[in-house]
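Novice: What follows is a single structure, and I will ask about it in a moment.
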Amino acid sequence: MIKDKYQIMMCDRINATIQSWEQQPTIQEHDLYTFLHNLKGTAGSIGMEDLSEISGQKLDLLEENSKKTWTKEDWKGLTVQIEEVVSFFDTNLQRSNADINETRYINEQFNKNFILVIDDDMVFVSFIKNILESKGFIVIVAHNGQRGLELIYELNPALVFLDIKLPDINGFSILENINKVSSNHMFVTIMSVDDSKENRIKAYDLGAMDFIKKPLDGNILAAYVRNRLSFKQALELSIVTDELTQVFNRKYMNYQLSMLTEQYEKDRKGFSVAIADIDYFKKVNDTYGHIKGDEVLRGFAKTVMAAKRNEDIFCRYGGEEFVLIMPNTTKEAAYRVVERMRKLVSEQHYIGNENVFEITASFGITEIDETNKHPKMLLEQADRALYKAKVSGRNQSVVFTEEETYSIIQKVTLIVIDDVSIIRKFITNHFAEIKLPEDYILEIITFEDGVKFLNSNWYDKNTKYIILLDGIMPHMDGLEVLKEIRKKHSSNDVIVSMLTGRNDEEYVLEAFANGADDFIVKPFNIADVSNRILQLANQLFVKVRQ
Numbered sequence: 023m024i025k026d027k028y029q030i031m032m033c034d035r036i037n038a039t040i041q042s043w044e045q046q047p048t049i050q051e052h053d054l055y056t057f058l059h060n061l062k063g064t065a066g067s068i069g070m071e072d073l074s075e076i077s078g079q080k081l082d083l084l085e086e087n088s089k090k091t092w093t094k095e096d097w098k099g100l101t102v103q104i105e106e107v108v109s110f111f112d113t114n115l116q117r118s119n120a121d122i123n124e125t126r127y128i129n130e131q132f133n134k135n136f137i138l139v140i141d142d143d144m145v146f147v148s149f150i151k152n153i154l155e156s157k158g159f160i161v162i163v164a165h166n167g168q169r170g171l172e173l174i175y176e177l178n179p180a181l182v183f184l185d186i187k188l189p190d191i192n193g194f195s196i197l198e199n200i201n202k203v204s205s206n207h208m209f210v211t212i213m214s215v216d217d218s219k220e221n222r223i224k225a226y227d228l229g230a231m232d233f234i235k236k237p238l239d240g241n242i243l244a245a246y247v248r249n250r251l252s253f254k255q256a257l258e259l260s261i262v263t264d265e266l267t268q269v270f271n272r273k274y275m276n277y278q279l280s281m282l283t284e285q286y287e288k289d290r291k292g293f294s295v296a297i298a299d300i301d302y303f304k305k306v307n308d309t310y311g312h313i314k315g316d317e318v319l320r321g322f323a324k325t326v327m328a329a330k331r332n333e334d335i336f337c338r339y340g341g342e343e344f345v346l347i348m349p350n351t352t353k354e355a356a357y358r359v360v361e362r363m364r365k366l367v368s369e370q371h372y373i374g375n376e377n378v379f380e381i382t383a384s385f386g387i388t389e390i391d392e393t394n395k396h397p398k399m400l401l402e403q404a405d406r407a408l409y410k411a412k413v414s415g416r417n418q419s420v421v422f423t424e425e426e427t428y429s430i431i432q433k434v435t436l437i438v439i440d441d442v443s444i445i446r447k448f449i450t451n452h453f454a455e456i457k458l459p460e461d462y463i464l465e466i467i468t469f470e471d472g473v474k475f476l477n478s479n480w481y482d483k484n485t486k487y488i489i490l491l492d493g494i495m496p497h498m499d500g501l502e503v504l505k506e507i508r509k510k511h512s513s514n515d516v517i518v519s520m521l522t523g524r525n526d527e528e529y530v531l532e533a534f535a536n537g538a539d540d541f542i543v544k545p546f547n548i549a550d551v552s553n554r555i556l557q558l559a560n561q562l563f564v565k566v567r568q
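Using my numbering, you'd call the opening residue of the sequence shown number 23 and step up by one each time.
Encoded structure:
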C-alpha cells in the first residue's frame, strides 16, 4: 500500500534523527520543536494518527524560538513514547512486507512441525508456546484431557507434550488411549514435576517417547523438539505401510506416482488415479467413538483391498482419504473398477452402540495425459472430481473433465473484535498484502466492540470463521462475547482465539472453559499472528471434509 511506503520512510527518518542526536552531548530546543512540529503534521496525513497526537502533546511543552539546550537524559524523556510507537510501526511494517513472500513457506514448515501441548498450567503453557513459536513451530494448546484427545484425532500432531495431572483425565489414561488407537507414529513426551521412578517406568511402559521433568530450560526444549522431529521424519521415510489400515502409506504413494509418471514419459504407458473419501466420517467418530472410527477405516481398506486388481496400488492418503493407482487403465475402465468398489463398501455392516450402521464413500478419478503429467496435478484433478462427488450428494464416482471446473476454494472469514483501532488496521492491512494459498479465500471483518459484533448479521453456514477476540472491551467483556458465540457455534465452524494482556492462569483457564480454542498475549507482532491465523485456517478448516 502507498501509505505503508511513506510510513516506513517516516519511521526511518525518525530513527535517523534520534540516532544523530544520541551522538551529541546536547541539542537545541528549537530543533526539538521543529522535529515535533513536522512530525505532528506529516504523521497524521499518512495514517499514523497516534504518533501525530503524541507529537502534538509534546509540542505544547516547547517554545519555537527558545535558546534552551537539552541533555540526552532530558530529551530522551520527551521522546520515549514516540520511540515506542515508531518501534511498533517499524517492526510490523517492515516485517509484514518482508514476510509476505515467505508466508506459504512458513506454513509448509508449520504443517510438518505441528505440536500439541496438553496441560492446564497456563503459565507453563505460555512459556512453551513462546519458546517454540519463536523457533518456527506452531503450538496448539489443550487445557484438559478431553480436548487433548479430540485434537489428537483431528490434527494428528507430530509431537505431543502431555502432563500427568490434568483436571479431568489422568495423563497416563490419555497415553494408554493414544497407543490403543494411534494410526500414525505419534511421539508423546510426558512432562511432570513428579519424575519418580514409578512414574517414569509407567510412562515408558505405556509408550511414551520421553519423560521430561519440570521446570524446563527453553533452549534445551527447542533443541529437543528439533531432534525428535528429525528422528520422526527419518523414521517415516523408512516405512511404507500405514500402521492402522496395513495398506501402503502416502510416502509409498508419492514414490509410485513419480515412477509411473516417469514411465509414461518414456513409453506412454498410461494409468489412472482415484481419490476415495469416506462420507460423513466425522459423524462416525462423534456418534460411535474414535475406536469404532478406526475399525471403519480398517474395514474400508479391507473391502477395497479384496476388490482391487493385483496390479492396482492402494494407499492411505491421510485421515479418511485413500488413493487407488491403476496402471495401464483408462479413466473409463477406472470408473468401472471404482464403481464396483463403491457398491461393495456400501454393503458392509458395522456395529456401534448396539446399532448396525453402514458407510458410503465418494471417489474422484483422473487419467494421466500430456496436460497433467505430474503427480501433484494428477492428485489435484482427482481431488476436484472428488469434491464434485461430495457436493453432488456423495456416494458416487466422478471423472475429472476439463470442460467442467470444480471449485474447491474454501471461504474463511477472519473477524477481529478489538477496541484498539491500530490493531484492527494493521491486521487488515497485513492480510491485504499477503499472497494467500490458492485453495481458500480469506475475508476480514472488524468490530470495535462485542455488542456491535453480536448485533451484526455475521454468520453464514457456508463459511468457516476464525475470531480474534479482545478480552477487555467497553460495553461487554470478551468472555461474555465468547459465551454468546458458543451458545450457537462450535469449534467445528468457529475458532476463537482470545487477545489478552492478562496472562494469568485463572483468566486463561476461564477462557478455555467457556470455549476458547487459543489465546494470544498482547503485545504481539502482527506478522507472527497472521502466520498463526493462516495456519489455523489451513489445519482446522480448509483441508477438512465432513
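Beta carbons: idealized from backbone N, C-alpha and C, even for Gly.
1. Less than 8 Å separating the beta-carbons of Asn-350 and Gly-292?
2. Name the DSSP bridge partner or partners of Asn-337?
3. Considering only the beta carbon of each residue, do Leu-491 and Val-518 sit closer than 8 Å?
4. I'd like to know whether the C-beta atoms of Ile-36 and Val-108 end up nearer to each other than 8 Å.
5. Helix, strand or coil for Leu-238, going by three-state DSSP, please let me know.
6. Can you say whether Asp-482 is buried or exposed, counting buried as having 16 or more other CB atoms within 10 angstroms of its CB?
7. Using CA atoms only, rank isn't needed, just tell me which of Phe-57, Met-31, Ile-160, Ile-30 is closest to Ile-40.
8. When DSSP builds the beta bridges, which residues end up paired with Ala-383?
9. When the Cα atoms are used, what is the spatial distance from Ser-214 to Ser-252?
10. From the beta carbon of Leu-197, is the nearest beta carbon of chain C less than 8 Å away?
11. When burial is assigned at 16 or more other CB atoms within 10 Å of the CB, is Asp-142 buried or exposed?
12. Please report the residue range of the beta strand (DSSP E) in which Ala-355 lies.
13. What do you reckon, are the CB atoms on Leu-436 and Leu-476 nearer than 8 Å?
14. For a test of the three-state rule: what should DSSP assign to Glu-389, helix, strand or coil?
15. When the distance is taken between beta carbons, is Ile-104 closer than 8 Å to Leu-73?
16. Cβ of Phe-136 within 8 Å of Cβ of Leu-173?
17. From the DSSP output, in three-state form, read off Tyr-481 for me.
18. Assuming Ile-150 contacts Gly-167 under a Cβ cut-off of 8 Å, what Cβ separation, rounded to an integer in Å, is found between them?
19. If you follow the beta strand (DSSP E) that Phe-136 is in, where does it begin and where does it stop?
20. Which whole-angstrom value is the C-beta distance of Ile-439 and Thr-450, which I expect to be below 8 Å?
21. Out of Ile-196, Asp-441, Tyr-175, state which residue places its alpha-carbon closest to the alpha-carbon of Asp-471.
22. Within the stretch 168-212, note down every full beta strand (DSSP E) run reaching 3 residues or more, in order along the chain.
23. I believe Ser-384 touches Lys-412 by the beta-carbon criterion, under 8 Å. Please report the beta-carbon distance rounded to the nearest angstrom.
24. Which of the three DSSP states, helix, strand or coil, is assigned to Ser-118?
25. Nearest-angstrom Cα distance between Glu-220 and Tyr-226?
26. For Ser-42, does the count of other Cβ atoms within 10 angstroms reach 16, so buried, or fall short, so exposed?
27. Tell me, please, whether the stretch 274-289 touches the stretch 364-383 by the rule of three or more beta-carbon pairs shorter than 8 Å.
28. By Cβ distance, which residues of its chain are closer than 7 Å to Ile-444, with the 5 residues on each side in sequence left out?
29. From what residue to what residue does the alpha helix (DSSP H) around Ile-76 run?
30. Going straight from the alpha carbon of Glu-506 to that of Ile-261, what length do you get?
31. Measure the alpha-carbon distance for Ile-186 versus Ala-535 and round it to whole angstroms.
32. Quick check on the burial criterion: 16 or more other C-beta atoms within 10 angstroms. Buried or exposed for Arg-169?
33. From the DSSP output, which residues share a beta bridge with Lys-433?
34. In the structure shown, what three-state DSSP assignment does Met-498 receive?
35. Quick one: grab the DSSP three-state call for Met-520.
36. When the Cα of Lys-324 is compared with those of Gln-268, Arg-362, Val-551, Lys-273, which residue comes out closest?
Specialist: Quick answer:
1. Your numbering for residue 350 matches position 328 in the sequence shown. Your numbering for residue 292 matches position 270 in the sequence shown. It is a contact, given that the beta carbons lie within the stated cut-off.
2. By one-based count along the sequence shown, residue 337 stands at place 315. Residue identity differs from the one stated: residue 337 is Cys in this sequence, not Asn. Its beta-bridge partners are Phe-270, Val-345.
3. Translated into the one-based positions of the sequence shown, residue 491 becomes position 469. Translated into the one-based positions of the sequence shown, residue 518 becomes position 496. In contact: Leu-491 and Val-518 (Cβ atoms closer than 8 Å).
4. One-based indexing of the sequence shown puts residue 36 at position 14. One-based indexing of the sequence shown puts residue 108 at position 86. For Ile-36 and Val-108, yes; Cβs fall inside 8 Å.
5. Here the question's residue 238 lines up with position 216 in the sequence shown. Coil.
6. In the sequence shown, residue 482 corresponds to position 460, counting from 1. Asp-482 should be labelled exposed.
7. As a working mapping, residue 40 is identified with position 18 in the sequence shown. Nearest of Phe-57, Met-31, Ile-160, Ile-30 to Ile-40, Cα basis: Phe-57.
8. What you label residue 383 is simply residue 361 of the sequence shown in a count that begins at 1. BP columns for Ala-383 point to Ile-300.
9. Position 192 of the sequence shown, counting from 1, holds the residue named residue 214. Position 230 of the sequence shown, counting from 1, holds the residue named residue 252. Spanning the two alpha carbons is a distance of roughly 24 Å.
10. Reference to chain C is not applicable here, since this structure consists of a single protein chain.
11. What you label residue 142 is simply residue 120 of the sequence shown in a count that begins at 1. With 16 or more other Cβ atoms within 10 Å, it is buried.
12. Position 333 of the sequence shown, counted from the start, is the residue given in the question as residue 355. Premise fails: Ala-355 lies in the alpha helix (DSSP H), 353-368, not in any beta strand (DSSP E).
13. Mapped onto the sequence shown, residue 436 falls at position 414. Mapped onto the sequence shown, residue 476 falls at position 454. No; because the gap between Cβ atoms is not below 8 Å, this pair is not in contact.
14. As a first step, residue 389 is located in the sequence shown; it is residue number 367 there, counting from the start. Note: Glu-389 maps to strand in three-state DSSP.
15. One-based indexing of the sequence shown puts residue 73 at position 51. One-based indexing of the sequence shown puts residue 104 at position 82. Yes, the Cβ-Cβ distance between Leu-73 and Ile-104 is below 8 Å.
16. Here the question's residue 136 lines up with position 114 in the sequence shown. Here the question's residue 173 lines up with position 151 in the sequence shown. In this structure, Leu-173 does not lie closer than 8 Å to Phe-136 by Cβ.
17. Counting from 1 along the sequence shown, the entry for residue 481 is found at position 459. In this structure, Tyr-481 counts as coil in the three-state DSSP scheme.
18. Taking the sequence shown and counting its residues from 1, one reaches residue 150 at position 128. Taking the sequence shown and counting its residues from 1, one reaches residue 167 at position 145. No, Ile-150 and Gly-167 are not in contact; Cβ-Cβ is about 17 Å, not under 8 Å.
19. The residue labelled residue 136 in the question sits at position 114 within the sequence shown. Run containing Phe-136: 136-140, per the beta strand (DSSP E) assignment.
20. Residue 439 sits at position 417 when you count from the first residue of the sequence shown. Residue 450 sits at position 428 when you count from the first residue of the sequence shown. Ile-439 to Thr-450, Cβ: 13 Å. No contact.
21. Working through the sequence shown from its first residue, we reach residue 471 at position 449. For the residues Ile-196, Asp-441, Tyr-175, the minimum Cα distance to Asp-471 belongs to Asp-441.
22. 181-185
23. In the sequence shown, the residue the question calls residue 384 occupies position 362. In the sequence shown, the residue the question calls residue 412 occupies position 390. That belief holds up - the Cβ atoms of Ser-384 and Lys-412 are roughly 6 Å apart, short of 8 Å.
24. Counting from 1 along the sequence shown, the entry for residue 118 is found at position 96. Residue placement at Ser-118 is flagged as unreliable, the pLDDT there being 41, under the threshold of 50; a coordinate-derived value is accordingly withheld.
25. What you label residue 220 is simply residue 198 of the sequence shown in a count that begins at 1. What you label residue 226 is simply residue 204 of the sequence shown in a count that begins at 1. Each residue's alpha carbon lies about 10 Å from the other.
26. Taking the first residue of the sequence shown as 1, we reach residue 42 at position 20. Exposed, because fewer than 16 other Cβ atoms sit within 10 Å of the Cβ of Ser-42.
27. no
28. Taking the first residue of the sequence shown as position 1, residue 444 is located at position 422. Excluding sequence neighbours, Ile-444 sits near Asp-72.
29. Locating residue 76 in the sequence shown gives position 54, where the first residue counts as 1. Here the alpha helix (DSSP H) through Ile-76 covers 71-81.
30. Against the sequence shown, residue 506 aligns to sequence position 484. Against the sequence shown, residue 261 aligns to sequence position 239. Between Glu-506 and Ile-261, the C-alpha separation is close to 47 Å.
31. Taking the first residue of the sequence shown as position 1, residue 186 is located at position 164. Taking the first residue of the sequence shown as position 1, residue 535 is located at position 513. Cα to Cα, the separation comes out at about 19 Å.
32. In the sequence shown, counting from the first residue as 1, residue 169 sits at position 147. Answer is buried; the Cβ neighbour count reaches 16.
33. In the sequence shown, the residue the question calls residue 433 occupies position 411. Lys-433 is bridged to Ile-463.
34. Position 476 of the sequence shown, counted from the start, is the residue given in the question as residue 498. Correct three-state label for Met-498: coil.
35. Taking the first residue of the sequence shown as 1, we reach residue 520 at position 498. Three-state DSSP puts Met-520 in a strand.
36. Residue 324 sits at position 302 when you count from the first residue of the sequence shown. Of Gln-268, Arg-362, Val-551, Lys-273, the residue nearest in Cα terms is Gln-268.
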